[in-house]
Amino acid sequence: MSRVSVKVTGAQGQGINSVGEMVAKGLKRAGHHIFGYREYMSVIKGGHSSYQLDIADTHIESSETHTDILVCLNYAGLKTDLDVLKQDGILLHLIPSWKFSDADTTLFEERNITVLYLPMEKILKKFNARPIVGNVLVTSVVWGLLGRDFSELKNMVKEQFGHKGDKILEMNYAFIDEGKAFKETEAADSELQLPAADAKRSDDLLVTGSEAMGMGMIHAGCRLYAGYPMTPASPLLSYIAKKQNTTGMVVKQAEDEITAIQMVSGAMHMGTRAATATSGGGYDLMSETLSLNGMIENPSVMVLAMRQGPSTGLPTWSGQGDMLLSIFGSHGEYPRLVAAVSDAEDSFTLMPDIFNYAEEYQLPVTVLTDKHIAEGLFMQPPYDMKKAKLKRGIVTDQKELDQLKSTDRYDPLAEGGVSPRWLPGSKAATYNAQGDEHDAAGNVDESGENAIAQMDKRMKKMKTLKAALPHPDMYIVDGNTCKVLSNETTDLSMDILIVSWGSNKGCILDTMKELQSQDPSLKIVYMHYTYLWPLKTGWLKKYAALAKKTVFVESTYQGQLAKLIKMESGITFDQQILKYDGRPFFVDELQKKIVTMNFS
Amino acid sequence: MSIPLDSNGPSVHDYTCATECTWCDGCGDYGIMAAAKRALTDLGIAPHEVLLCFDIGCHGNMSDKMLGYRIHGLHGRVLPLAAGAKLANPTMPVIAFGGDGASFSEGVNHLVHSIRSHYPITFILHNNANFGLTQGQASSLTWQNQPMNTSPNGIPEDTISPMDFIFSLKPTFVARTWSGDIPQMTRVFKEAINHRGFAFVDVLQACPTYNKFASHEWLLEHCYDANTEGHDPSDLDAGRKIACDTAERVGCGILYKTEDIPHFYERLSPRHNIKTTPVEEVKITDVSDLMKEFV
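In order, the protein sequences belong to chains A and B.
The first sequence begins at 1 in the numbering used here and counts up one residue at a time.
The second sequence begins at 601 in the numbering used here and counts up one residue at a time.
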């Protein structure tokens, strides 16, 4: 696999995102496979942030630790980031009279770095332009360094800023020309050789996990969204709120997280589809309500967008440390479903299934995502509008409603533990969705016999649900890409079986492609868990036995899924690769870790 | 909201179920429940046509003592639960019941936001000025110098003046009644259910076991019907004065009401031209148009 990358760093507010996004869009339109990774701090302006675009000759969902082009919009990057430059890399910066240290100069020599100083202030002054137009200048130079045609950039700028009037557009074109001139005079021979593009991808979507999930929820029939801002769940709230005039959804910015999940619960009880999203701290607040939903057998959908904790933690960074929380958090024993998305694809495609399970099994569902997925920029073929099915499990037929008794609602003898559910307002016998332990009609019943009967009923749903859930996906390398093994194969022998979940999938698959291309005889299989609870371990048991070595990968300190797997099946892993610095796994880093693993 | 008055319509008996009531002798909840059933049937609302939401408390034990679609949720959280349900199906009357313990402590945040949000629901406050179900702790509304479960010397905090608090949030419907006057409660509940926006009903409630200060006898002596004495509920200033000035007498009835203020659902411009309810709109939805901006 061939891969290059561009990293733009600077203070928040300087326009790093606009540069990154415009370059990304341009490359995508040209059919390049790209992946965007943002780092930013918990401030509005200032701090030190970055936007890295990786470009490869095949689909990627990961970033590398080192970069071919480093763009520093302020001096901070010049002090801390120079080490990310690869051999023969290019440094583009805007700081007049910057004095590089001796160490820096040595680094430039050793790695044959081309250092370019772009006199932005001077150029802005020449046109009497506001600093914000400087972003277009930087983008233009980067565009030139990528060996792209400047007319592509002008078209994109026209698309984005054309509505602001001719004067603004002309100004932007002038800056693009300046960038072109700069590149041609100062960096005539410096150009990155981009990996091969695929014209078919030029109509793909460039989308973050949050946007994908928002569309997925809307696609799944979600009609009410209540949320409280919390990083990295806020972009989902913002997206859905932004689209409300188009979708007609009821959107409420709640006064706190408890309000959000209570409103979602009331709305789903009444019979619409509703959702909320939060991060770990917000989940803590919502947990009592999840217990309520488990008891009254009410569907609810909540997204837990993880960041590094504990407590306030690293608000703008990523991690997977809330997995066990999502499974065991909140009091009492009750049935629940926990699933995790991994990229912009399943952030969308999983949503109809999630709502279906929530309603059919009448239980609280938590969907895990993380900052890396929520804010990562993915290339995504347009979603298939015909695949999703609507399954609600609600009694709506009047003839059936006429037959219902109050005691049907929580009938302990219901098959699979799933008793009939009908909506308030239905012309039928009424029932009480009762938070106390209750009899079949929802009346308080404190007897021992009833407690057993109702607990058995509710927990039986976990067994029924587990049987209905799919097994984890198994990925193998297939040429320049990875594919899912479609059938259970009994003769699959592996050198390494990697097991993980969530955002690690992207990096693991890209790492596998690298490893496989370097050693085609190596047989690596990746088992990816989407459904975490109830946890299916049948296939893991089977395939772990066929692997020479098993490796577990997770962005936590404790290796949470590994603990869960051991609890449920006794299976342990030969090696665990754990990372908990708030950053995602990087493809070169993970490759090195796997290659240097000591399996003895 | 048009509700047909039909002598062939629902009866109080339709709301009755076989579960035995568990309240203490003389508890105000008996009267409140009776009035709730009467109000619903007077309005022609059958049990399957209403959602009754309960908080945790003695009042919450009403949830399985009458019929109707009911939900017995968490302590302090009945308002957002009821609001979510109402916004999903605005055509259905939603009534939230909560105690003063929950509503002025655990859930006071929700009370503030429910009033300012103007959720189109009815809120019946079971105000017996203590936490009854957990055995008589003082609530934020307990009078000063009253020895209670965890405050044998009286509460060290100030007592909240609930009506002052409520009026400061610009409500559109404020009523007060008390548990011994079923006809008055019935009248008040009916008007509350018919109100356009958020209807706040403070029901002073006898609690013979724990509340020795605002007892049934005390309430009988001090409460009077302000509407009968000429109070016009459209007069905000007069209403607020009657509501807050309870030094000698406690004014009851509809204290303030306006039907001119749009409620929360009406304020959502995305819903303006939509005739269906969110419940009716659940389907797999084509989002091809939404994808366009990402190409």
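C-beta atoms are modelled at their ideal positions from N, C-alpha and C, and glycine is treated no differently.
Remember, it's a predicted structure, so these values are computed and weren't measured experimentally.
With respect to the C-alpha of leucine 413 of chain A, the residue from A:Lys461, A:Asp445, A:Met385 having the closest C-alpha is A:Lys461.
Tyrosine 51 of chain A: member of the beta strand (DSSP E) spanning 46 to 56, first to last residue. With respect to the 9 Å criterion, glutamine 320 of chain A and aspartate 581 of chain A are not classified as neighbours on the basis of their beta carbons.
Following the DSSP letters along the chain, one finds isoleucine 327 of chain A inside the alpha helix (DSSP H) bounded by residues 323 to 328. Fewer than three pairs of CB atoms, one per stretch, sit closer than 8 Å, so the segment 552 to 569 of chain A makes no contact with the segment 479 to 496 of chain A. Serine 705 of chain B and glutamine 575 of chain A have their C-alpha atoms some 51 Å from each other.
Using a CB distance cut-off of 9 Å, histidine 710 of chain B counts as an interface residue toward chain A. With respect to chain B, the C-beta atom of methionine 270 of chain A has a partner C-beta closer than 9 Å.
Only residues of its own chain outside the window of five on either side were considered, and among them Val338, Trp533 have a CB closer than 6 Å to the CB of isoleucine 327 of chain A, listed in chain order. Three or more beta-carbon pairs separated by less than 8 Å link the segment 46 to 53 of chain A to the segment 8 to 17 of chain A, which places the two stretches in contact. Phenylalanine 864 of chain B sits in coil when the DSSP states are folded into three classes, being neither helix nor strand. Not a single C-beta of chain B is nearer than 9 Å to the C-beta of asparagine 487 of chain A. For the segment 749 to 765 of chain B, the set of residues with a beta-carbon nearer than 8 Å to any beta-carbon of chain A is empty.
In the DSSP assignment, glutamate 64 of chain A falls outside any beta strand (DSSP E), carrying neither H nor E. CA-to-CA, the gap between leucine 325 of chain A and glutamate 817 of chain B works out to about 52 Å. Counting only Cβ-Cβ distances below 9 Å, tyrosine 383 of chain A has contacts in chain B at Val887, Ser888, Met891, in chain order. As summarised for the segment 749 to 832 of chain B, the continuous alpha helix (DSSP H) elements at least 4 residues long and confined to that stretch are 762 to 767, 782 to 794, 816 to 822, given in chain order. By alpha-carbon distance to histidine 648 of chain B, the top candidate from B:Val708, B:Asn728, B:Gln737, B:Val694 is B:Val694. If you keep only unbroken beta strand (DSSP E) runs of at least 3 residues inside the segment 98 to 178 of chain A, you get 114 to 117. The C-beta of aspartate 322 of chain A has 16 or more other C-beta atoms within 10 Å across all chains shown, which makes the residue buried. For serine 869 of chain B, the C-beta contacts it makes with chain A under 8 Å involve Asn245, in order along the chain. For glycine 15 of chain A, no CB of chain B lies under 9 Å from its own CB, so it is not counted at the interface with that chain.
For lysine 505 of chain A, the number of other beta carbons within 10 angstroms of its own is at least 16, and it is reported as buried. Along the segment 369 to 432 of chain A, the beta strand (DSSP E) occurs as fully enclosed runs of 3 or more residues at 377 to 380, listed in sequence order. Counting C-beta atoms within 10 angstroms of its own C-beta, arginine 130 of chain A has fewer than 16 neighbours from the protein chains shown and is therefore classed as exposed. For the pair methionine 215 of chain A and valine 525 of chain A, the Cα-to-Cα distance works out to about 31 Å. Rounded to whole angstroms, lysine 243 of chain A and valine 250 of chain A show a C-alpha spacing of 11 Å.
With a beta-carbon spacing of about 18 Å, glycine 417 of chain A and arginine 392 of chain A fall beyond the 8 Å limit used to define contacts. A Cβ-Cβ separation of about 18 Å leaves lysine 180 of chain A out of contact with phenylalanine 161 of chain A under the 8 Å criterion. In the displayed model, phenylalanine 585 of chain A falls within coil according to three-state DSSP, outside both helix and strand. Those residues of the segment 657 to 674 of chain B placed with their C-beta closer than 7 Å to a C-beta in chain A are Ser663, Asp664, Leu667, Gly668, Tyr669, Arg670, Ile671, His672, Gly673, Leu674, ordered along the chain.
Residue contact with chain A for tyrosine 630 of chain B: absent (no Cβ-Cβ distance below 9 Å to any residue of chain A). Residues Gly780 of the same chain have their beta carbon placed closer than 7 Å to that of leucine 820 of chain B, with the five preceding and five following residues left out of the count. In the three-state reduction of the DSSP assignment, tryptophan 501 of chain A falls in the strand class.
Positions of the beta strand (DSSP E) runs, each at least 3 residues long and wholly inside the segment 627 to 678 of chain B, are given as 651 to 654, 669 to 672 in order along the chain.
The DSSP-derived three-state label of serine 569 of chain A is helix.
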